[in-house]
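**Q** First residue of the sequence shown: 1116, per our numbering; consecutive thereafter. Even glycine gets a Cβ: it sits at the ideal position worked out from N, Cα and C.
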Amino acid sequence: MEQEKIGTKATRSNIIETLYRRGYINGQQISITGLGENIIETLIRYSPEIIEVKLTRDLEEELDDIEEGKKGSDKVFNDVVEELKPILAKFKLSEVEIGKALSRAIKGRPSVGSNGACKVCNRDKIDGSVFCARHNIAYMNIEAGFQKWRYALGYQWREYLEKLSKNTGTGVYAKEIIKDIIG
Ligand SMILES: [Zn+2]
1116 MEQEKIGTKA TRSNIIETLY RRGYINGQQI SITGLGENII ETLIRYSPEI
1166 IEVKLTRDLE EELDDIEEGK KGSDKVFNDV VEELKPILAK FKLSEVEIGK
1216 ALSRAIKGRP SVGSNGACKV CNRDKIDGSV FCARHNIAYM NIEAGFQKWR
1266 YALGYQWREY LEKLSKNTGT GVYAKEIIKD IIG
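Written out as structure tokens, the structure is:
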């Protein structure tokens, strides 16, 4: 959150605590749970605007403006309502679908209209990926890390994967993917 410049010191710890309590994240080295992933996946599909970092950042900047006396609270309130209206209207339209998707997630059942199995495990793969939601997130993290280390240390893809697989901080899902790639 700090990296994305959202939340204040006061709200961040509170948000993280709420995420733990609802079972969206777990562990000491905070990782997202299957339920958390399913919720994100559902929101990406039906209401990507809601999870956009920009929205939160905009709203917080507006709040700063009130605090610094740059804008009146009525003006900010009206702007925020106008910004949220179309997003919430769209969300409302998909309410039933969102509800169904989330209840499937909670029950842990495969989703309807499954389009094949994950390359690594037997869970349903998600659209536009060869992986299930968990392995897809793990793979995206592996790739993001590679971009960073390639420039910093000149690592090649395979060399990077080998190092990553031996690292104790690497998650289970990421290790499963690496094993699948390098054998
Ligand atoms: Zn998988």
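Take the Cβ of arginine 1224 as the centre, count every other Cβ of all protein chains shown within 10 Å, and call the residue buried at 16 or more, exposed below.
**A** At arginine 1224, the pLDDT of 45 sits below 50, so the modelled position is not reliable; the number obtained from the coordinates is stated separately. So arginine 1224 ends up on the exposed side.
**Q** Between which two residues does the alpha helix (DSSP H) holding serine 1280 run?
**A** Per DSSP, serine 1280 belongs to the alpha helix (DSSP H) from 1272–1281.
**Q** Check whether the region 1134–1148 and the region 1191–1202 touch, using three or more Cβ-Cβ pairs below 8 Å as the test.
**A** Because the criterion of three Cβ pairs below 8 Å is not met, the region 1134–1148 and the region 1191–1202 do not touch.
**Q** Could you name each continuous alpha helix (DSSP H) segment of 4 residues or more that falls completely within the region 1137–1169, going from the start of the chain to the end?
**A** Segments of the alpha helix (DSSP H) lying fully in the region 1137–1169: 1149–1161.
**Q** Under 7 Å Cβ to Cβ from lysine 1290, same chain only, skipping five residues before and after it: list those, please.
**A** Closer than 7 Å at Cβ, skipping near neighbours: Ser1280.
**Q** So which residues put a beta carbon under 6 Å from any heavy atom of ligand 1, going in chain order?
**A** Here the residues come out as Cys1233, Val1235, Cys1236, Arg1238, Phe1246, Cys1247, Arg1249, His1250.
**Q** CA-CA distance, valine 1195 and tryptophan 1264?
**A** Distance between the alpha carbons of valine 1195 and tryptophan 1264: 40 Å.
**Q** Are the beta-carbon atoms belonging to glycine 1149 and arginine 1249 less than 9 Å from one another?
**A** In contact: glycine 1149 and arginine 1249 (Cβ atoms closer than 9 Å).
**Q** For tyrosine 1254, which option in Ala1267, Gly1231, Ile1292, Ser1218 has the closest C-alpha, if you only look at C-alpha atoms?
**A** Considering only alpha carbons, the answer is Ile1292.
**Q** Tell me aspartate 1239's beta-bridge partners as DSSP assigns them.
**A** DSSP lists Ala1232 as partners of aspartate 1239.
**Q** Roughly how many angstroms separate the alpha carbons of valine 1211 and lysine 1205, rounded to a whole number?
**A** The alpha-carbon atoms of valine 1211 and lysine 1205 are separated by roughly 12 Å.
**Q** Just how far apart, CA to CA, sit valine 1299 and isoleucine 1147?
**A** The displayed coordinates of the chain run from 1116 to 1298. Any statement about residue 1299 would go beyond what the structure contains.
**Q** CA-CA distance, glycine 1231 and isoleucine 1181?
**A** Distance between the alpha carbons of glycine 1231 and isoleucine 1181: 51 Å.
**Q** Please report the distance separating the alpha-carbon of isoleucine 1241 from that of cysteine 1233.
**A** Those two C-alpha atoms are separated by around 8 Å.
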